[in-house]
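Below is one structure, written out as structure tokens; comments come after it.
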Amino acid sequence: MNEANGSGSNSNNNNNNTNSLQVPIIGGAMNKSNNNNEMPPPPSVPSSMIEVPRLELDNTKKSKTMAEFLASMDNYAPIIPDTVTDYYLNKSGFDCDDIRIKRLLALATQKFVADIATDAFQYCKVRQSGNRKSGKDRKTVLTMEDLTAALADYGVNIKKPDYYS
1 MNEANGSGSN SNNNNNNTNS LQVPIIGGAM NKSNNNNEMP PPPSVPSSMI
51 EVPRLELDNT KKSKTMAEFL ASMDNYAPII PDTVTDYYLN KSGFDCDDIR
101 IKRLLALATQ KFVADIATDA FQYCKVRQSG NRKSGKDRKT VLTMEDLTAA
151 LADYGVNIKK PDYYS
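Each step along the sequence shown adds one to the number in the UniProt record's numbering, with nothing skipped, and position 151 is 151.
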């Protein structure tokens with residue numbers, strides 16, 4: 001085909017070949033046939049069209065992973081009991097009969113509380129390292145100061161009522 005078109009269109013064909021390498025070959029025989037009714041592939045293909053098959057595979061994989069995760073929630077019992085989760089979800093107006101979703105929310109709550117406790121512990125260690133007296137190891141005690149600082153990192157503002165000050 002390149003010999004018949006001449007040297008001027010040879011550079012165009014090279015550009016088309018370069019662009020066609022980016023696109024999956026769907027009708028490879030179509031380009032080699034001499035049938036004039038068939039249209040050649042477009043000269044340029046946007047990169048977003050190239051990514052489509054990969055995105056579909058990623059979405060399928062994510063859906064499969066989410067389905068497996070939700071299936072595993074049937075056998076998992078979070079630290080927060082289902083009755084406590086049901087009580088607070090009903091109190092907030094959340095109505096769902098799927099136990100997997102409720103356990104997923106309980107798991108998220110468990111992680112949130114654990115993260116706050118870990119951060120408060122770190123604040124306590126920093127505070128105690130500044131007040132360390134030689135020879136004595138103090139017990140670690142969760143104070144309101146440490147809890148307030150940890151919750152402030154998550155956007156929760158707490159302060160003691162005036163009559164406790």
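Glycine included, C-beta positions come from ideal geometry on N, C-alpha and C.
Treat the numbers as computed from the prediction; the structure is a model and nothing was measured.
Per-residue burial, residue i [other beta carbons within 10 Å of its own, 16 or more giving buried]
i, result
"Asp146", "buried"
"residue 239", "For the chain, the structure presents residues 1 to 165; residue 239 sits outside this window and is missing."
"Tyr123", "buried"
"Ala120", "buried"
Residues near residue i by beta carbon distance below 7 Å, same chain, minus five either side
i, result
"Ile116", "Ala150, Leu151, Tyr154"
"Phe69", "none"
Same chain only: Cβ atoms within 6 Å of residue i, ignoring 5 sequence neighbours per side
i, result
"Pro161", "none"
"Val156", "none"
"Thr118", "none"
Candidates the options: closest to residue i by CA position
i, options, result
"Val126", "Thr143, Tyr88, Lys111", "Thr143"
Same chain, Cβ closer than 8 Å to residue i, five either side skipped, listed in chain order
i, result
"Gln110", "Pro78, Ile79, Ile80"
"Thr148", "Ile158, Lys159"
"Gln128", "Arg138, Thr140"
| message | With three or more beta-carbon pairs closer than 8 Å as the criterion, would you say the segment 80-88 touches the segment 102-109? | response | yes
| Quick check: the segment 60-76 against the segment 87-101, are there 3 or more CB pairs under 8 Å? | yes
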